[in-house]
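Reviewing the structure listed below.
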Amino acid sequence: MGKRGQKHTKKAATGGPPSDPLDILGSLIRPIAPNKRHELNQLVDKLFELASNFGHDAVTPKQLWEEHLKIRALGLRATRDIAQSELVIAIPRKVIMSVDTARQSEMGRLIEKDAMLQTMNNVTLALHLLLEKTSPASFWEPYINTLPPSYHTVLYYTEEEFNALKGSPAYLDALKQYKFVARQYAYFYKKFQSTMLKDYFTFDEYRWAVSTVMTRQNQIPSGEDPQKVVNALVPFWDMANHENGTISTDFDTEGDVVKCMAFRNFKSGEPFRIFYGERNNHDLLVHNGFVFPDNRFNSLQIRLGISKNDPLAQDKYDMLSRLVISPQGQFVIGKDADQPFDQLLLAFLRVMCLQSQDEIDLWSHEDKIRDLLNPEADPDLDNKVFQYMKTRCDLLLKSYPTSLEEDEKALQNVDLPATLKSCVILRQGVEATLDGEESPMATTMPTGSPGTASDVG
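Okay, so the sequence shown: first residue is 1 according to UniProt numbering, each after it adds one.
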């Protein structure tokens, strides 16, 4: 850290330097414009030169890169036909930035003394990335210069964009994410005030580093302890965008290399994509900054809780505890109209809708309580459950500022910013789940008396 500070001070002392910390930091950073693809490819060449001496038996990343892929402005594209299961990307550990490399760097002493960095790998990796970005002689400079200068994550949202999420379950989570990262920044800002880091540790730079980690990180076995995994940034692999498919990336412990295979056939000129995992659009937006319109894993997250004013609340808490279900929290409504509720939500709703001590006693019995997790339990009880959920979904729908039709019209606007478009697509998906033609709630529900519940959050 001392060397970084000396170099930084020297730069700031020449030629009428900027005095604002952001300007000083800007003089150390040379971002690459998205349209300068030849410069990006030159950076690729630089990093592969570093990787070429690591002695892998496998095909080198450089050869794979030249044979299969080229950088696009927002991802990768195939330069020839690629067959399913064919090895496409192989990245050796020595060019991967990880929590291991953070511990081995000058940052290691800080990690040893800081409880947050010891327990939160993602924060450690983000801070490691930021320190390397501002180091004039960083090993990872070629990789860092290929990263976007900003992101579409909620950490960059304006008030208008947050307002576009109102009514959505993602609204509260997006605000929490922003607040959580702001608190992290305040914590480290105070800690760095007596160090040379204070001059360039800005919130704009910290949210950039956190957004990079949020949208690009993977986990690999630790080089220090193979029984543990560490958060890592894998150059070039992390440029691949998402598509519905199957996980096709693994870590080869013998070769000490990340390997990515094609999960399907790709034609020459087609974008090369990977599958990020089974995530609904709510999670993708809050943690990755985008939504996927045809997401087959999409679902509606809903916050529910047993009301403290329910006279049977304690009995219900006890029953849920035996079923290992929280008395309040976030649950999922799926897209399957035949079975929209998973067993945890179904059991929670059944317990919530119990209305007498006799019902509590009946379903609390050791031979009976596990039946609450089954797809079918008691018809009368399930009628109450479905009626309650129909009412609850109607109320949710009314909390949205727009209708499904209005959102469909908004998406026809070609000038709609990407962040607002993501918010509208997310809203549209929720509205379709609540009230669309294929909604699991579209079925006529039998009448019944709902139990006493409260909305959490």
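Here a beta-carbon is modelled for each residue, glycine too, at the ideal position from N, C-alpha and C.
Straight-line gap, residue i to residue j (C-alpha atoms, nearest Å)
| i | j | result |
| --- | --- | --- |
| residue 145 | residue 304 | 44 Å |
| residue 344 | residue 283 | 19 Å |
| residue 149 | residue 257 | 28 Å |
| residue 323 | residue 380 | 21 Å |
| residue 208 | residue 262 | 30 Å |
| residue 24 | residue 90 | At residue 24, the pLDDT of 28 sits below 50, so the modelled position is not reliable and the matter cannot be decided from this model. |
| residue 27 | residue 330 | Confidence at residue 27 is low in this model, with a pLDDT of 32, below 50, so the placement of that residue should be treated as unreliable; the coordinate-derived value is given next. Residue 27 and residue 330: Cα-Cα distance of roughly 45 Å. |
| residue 350 | residue 230 | 40 Å |
| residue 243 | residue 290 | 12 Å |
| residue 428 | residue 300 | 11 Å |
| residue 235 | residue 147 | 10 Å |
| residue 417 | residue 404 | 19 Å |
| residue 342 | residue 362 | 23 Å |
| residue 399 | residue 223 | 50 Å |
| residue 111 | residue 118 | 6 Å |
| residue 166 | residue 389 | 20 Å |
| residue 82 | residue 295 | 24 Å |
| residue 348 | residue 327 | 8 Å |
| residue 407 | residue 401 | 10 Å |
| residue 377 | residue 170 | 32 Å |
| residue 238 | residue 133 | 17 Å |
| residue 365 | residue 120 | 42 Å |
| residue 86 | residue 312 | 59 Å |
| residue 200 | residue 391 | 52 Å |
| residue 409 | residue 75 | 28 Å |
Cβ neighbour criterion (16 or more within 10 Å) applied to residue i
| i | result |
| --- | --- |
| residue 31 | Reliability of the predicted coordinates at residue 31 is poor, the pLDDT of 39 falling under 50, and the value obtained from them is presented with this limitation in mind. Exposed, because fewer than 16 other Cβ atoms sit within 10 Å of the Cβ of residue 31. |
| residue 419 | buried |
| residue 281 | buried |
| residue 168 | buried |
| residue 309 | exposed |
| residue 285 | buried |
| residue 320 | buried |
| residue 375 | exposed |
| residue 143 | buried |
| residue 80 | exposed |
| residue 184 | buried |
| residue 195 | exposed |
| residue 135 | buried |
| residue 340 | buried |
| residue 421 | buried |
| residue 213 | buried |
| residue 318 | exposed |
| residue 173 | buried |
| residue 414 | exposed |
8 Å Cβ cutoff met for residue i and residue j
| i | j | result |
| --- | --- | --- |
| residue 278 | residue 292 | no |
| residue 221 | residue 192 | no |
| residue 102 | residue 423 | no |
| residue 288 | residue 215 | yes |
| residue 218 | residue 240 | no |
| residue 124 | residue 88 | no |
| residue 158 | residue 211 | no |
| residue 275 | residue 245 | yes |
| residue 253 | residue 260 | no |
| residue 272 | residue 432 | no |
| residue 411 | residue 425 | yes |
| residue 333 | residue 302 | yes |
| residue 116 | residue 189 | no |
| residue 464 | residue 315 | Here the chain has residues from 1 to 457 only, and residue 464 is not among them. |
Residue i, enclosing alpha helix (DSSP H) - first and last residue
| i | result |
| --- | --- |
| residue 191 | 169–191 |
| residue 286 | 281–288 |
| residue 108 | 108–113 |
| residue 126 | 121–133 |
| residue 144 | 141–144 |
| residue 410 | 404–410 |
| residue 82 | Segment: none, residue 82 is in no alpha helix (DSSP H) and carries neither H nor E. |
| residue 300 | From DSSP, residue 300 is part of no alpha helix (DSSP H) but of the beta strand (DSSP E) over 300–306. |
Delimiting residues of the beta strand (DSSP E) encompassing residue i
| i | result |
| --- | --- |
| residue 433 | Note, residue 433: premise wrong, no beta strand (DSSP E); alpha helix (DSSP H) at 418–435. |
| residue 198 | Residue 198 -> no beta strand (DSSP E), and no H or E assigned at all. |
| residue 260 | 257–261 |
| residue 251 | 249–252 |
| residue 331 | 328–333 |
| residue 272 | 271–274 |
| residue 229 | 229–233 |
| residue 218 | 218–221 |
| residue 396 | Premise fails: residue 396 lies in the alpha helix (DSSP H), 379–398, not in any beta strand (DSSP E). |
| residue 346 | Counting along the chain, residue 346 falls outside any beta strand (DSSP E), though it belongs to the alpha helix (DSSP H) covering 343–352. |
Exercise for the section: Could you tell me whether the stretch 176–191 touches the stretch 265–277, using the rule of 3 or more Cβ pairs below 8 Å? Expected result: As far as the Cβ criterion goes, the stretch 176–191 does not touch the stretch 265–277, which means the pair count is below three.
Practice task
Specify whether the stretch 202–210 and the stretch 87–100 touch according to this definition: at least 3 beta carbon pairs, one from each stretch, less than 8 Å apart.
Solution key: no
Practice task
Count the C-beta pairs between the stretch 385–405 and the stretch 363–376 that are closer than 8 Å, then say yes if the count reaches three, no if not.
Solution key: Taking 8 Å as the limit for Cβ pairs, the verdict is that the stretch 363–376 does not touch the stretch 385–405.
Exercise for the section: Could you say if the stretch 128–135 and the stretch 97–107 meet the contact criterion of at least three C-beta pairs nearer than 8 Å? Expected result: Segment contact: the stretch 128–135 against the stretch 97–107, three or more CB-CB distances shorter than 8 Å; contact assigned.
Handout entry: Cβ contact check for the stretch 393–412 and the stretch 351–358: 3 or more pairs under 8 Å
Key = no
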